[in-house]
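A.B. asks: Mapping to full-length UniProt numbering: the sequence shown position 171 is 171, numbers consecutive. From the three backbone atoms N, C-alpha and C, an ideal C-beta is built for every residue, glycine too. For clarity, every value in this text was computed on a predicted model and none was experimentally measured. Structure provided below as structure tokens; questions to follow.
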Amino acid sequence: MLAEMNIPVWWPPAAAEAEVEGIAMVAPAVSAAVPRAAIPPVAPESIAASKRPARAADLKPSEDRAAPALQPLPAGIATMDWPALQAAVAGCRACRLCEGRHNTVFGVGPAAPAPGRAPQVDWLIVGEAPGEKEDLAGEPFVGPAGKLLDNMLKAIGLDRHANVFIANVIKCRPPGNRNPEPGEVAQCEPYLRRQIELLEPKIILAMGRFAVNALLQATVPEVHKLPLGKLRGQPHQYRGVPVIATYHPAYLLRNLPDKAKAWADLCLALEVLQRRA
Ligand code: SF4
């Protein structure tokens, strides 16, 4: 089922039957993942001699390895220009998510009109957090969900490289695609806030639960308790910018009947934008 949803599935190969008692007990992950031929023969006496110290060492592999230290958020995010903000995100080590990332995912959009300026767009799409493909590509919404989003945008004349900016609430991939923790969302929030200040979008499409919570927490009381369905169908506000809540494209791939609702949300966003103009 997970593979059908394009979620990578890992399952350990069946553990080879250990001929030597102790190898599987000491390092089960290694004995399961490494072909038997790759395991060098071990003399019985060395097994006996190494059993106690080797086990003690293997049971605490990471405790002795110091993880790179976390650092506070860079100072002055609220006054950074676009390139400074990009650089700050790229080097950010303000929460544990930096430890497993391949790339930070700042966002994607058209080129800036001049050095130091943010891209000029009316539309901002805000998703949740990078997944595996986004982490590797350094770009939000790639893979099947990204393709669906691109097609939805294309239907109303938008293109991620021309006239819409796409960003996430969280800039680094949560391990195993788990949900971001509240502390991680809070740490990363100043980056999105500054992106919105610099982009000055005329409409924001918040895609998925976390994006909706993050953007509407100041204006919708107890937003996290409301079903997404109840937040759809009306414009909300983020610092004066209209926000339309809608489903995440990854959810739509699993719930095809709700595509029609997402289309209605997109049409509502278009209508709100036209009314503003
Ligand atoms: S998720 Fe955000 S706050 Fe955490 S390290 Fe990445 S950029 Fe920094």
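In chain order, which continuous runs of the beta strand (DSSP E) of length 3 or greater are located wholly inside the UniProt domain "Uracil-DNA glycosylase-like" (115-267)?
C.D. replies: Runs found: 123-127, 164-168, 203-207, 236-238, 241-246.
A.B. asks: Do the region 150-165 and the region 76-83 make contact, defined as three or more Cβ pairs closer than 8 Å?
C.D. replies: Contact fails: fewer than three Cβ-Cβ distances are below 8 Å.
A.B. asks: Assign V272 to one of three DSSP states: helix, strand, or coil.
C.D. replies: DSSP places V272 in helix when its eight states are reduced to three.
A.B. asks: Give me the DSSP bridge partner(s) of V89.
C.D. replies: Answer is none; V89 lacks a bridge partner.
A.B. asks: Got a sec? Which residues, its chain only, sit under 6 Å from P74 by beta carbon, not counting five neighbours each side?
C.D. replies: Cβ neighbours of P74 beyond the five flanking positions: A88.
A.B. asks: Going by beta carbon distance, what residues of the same chain come within less than 7 Å of C267, once the five residues before and after it are set aside?
C.D. replies: Excluding positions up to five away in sequence, the list is empty.
A.B. asks: Comparing alpha-carbon positions, which option in A214, A250, I244 lies nearest residue 282?
C.D. replies: Residue 282 lies beyond the range of the chain shown here (1 to 277); nothing can be said about it.
A.B. asks: What separation, rounded to the nearest whole angstrom, lies between the Cα atoms of E200 and K225?
C.D. replies: Rounded to whole angstroms, E200 to K225 spans 29 Å at the Cα level.
A.B. asks: Compare the beta carbon distance of V164 and G109 with 8 Å and say whether it is the shorter of the two.
C.D. replies: Yes.
A.B. asks: Mind reading off the beta-carbon distance from L85 to R254? Whole number of angstroms is fine, and I expect it under 8 Å.
C.D. replies: Not a contact, Cβ separation roughly 34 Å.
A.B. asks: Mind listing, in chain order, the residues whose beta carbon lies closer than 6 Å to a non-hydrogen atom of ligand 1?
C.D. replies: Cβ atoms closer than 6 Å to ligand 1 belong to V89, C92, R93, A94, C95, L97, C98, T104, I170, K171, C172, E184, Q187, C188.
A.B. asks: Do the region 143-152 and the region 222-237 touch if we need at least three Cβ pairs shorter than 8 Å?
C.D. replies: No, because fewer than three Cβ pairs between the region 143-152 and the region 222-237 fall closer than 8 Å, the two stretches do not touch.
A.B. asks: So P72 and A94 are supposed to be a Cβ contact under 8 Å. How far apart are they, rounded?
C.D. replies: Confirmed, about 6 Å.
A.B. asks: Does chain B have any CB closer than 8 Å to the CB of K171?
C.D. replies: Absence of chain B from the displayed structure is noted, only one protein chain being present.
A.B. asks: CB-CB under 6 Å to P175, same chain, minus the five flanking residues each way: which ones, in chain order?
C.D. replies: G100, listed in sequence order.
A.B. asks: Whose C-alpha, out of A112, E132, A206, is nearest the C-alpha of G233?
C.D. replies: Cα-wise, what sits closest to G233 is A206.
A.B. asks: On the DSSP bridge list, what partners appear for V108?
C.D. replies: According to DSSP, which records beta bridges pairwise, V108 is partnered with I166.
A.B. asks: Could you have a look at L73 and say whether DSSP puts it in helix, strand or coil?
C.D. replies: DSSP places L73 in coil when its eight states are reduced to three.
A.B. asks: Taking Cβ to Cβ, would you say I203 is nearer than 8 Å to R239?
C.D. replies: Their beta carbons are not under 8 Å apart, which means I203 does not touch R239 by this criterion.
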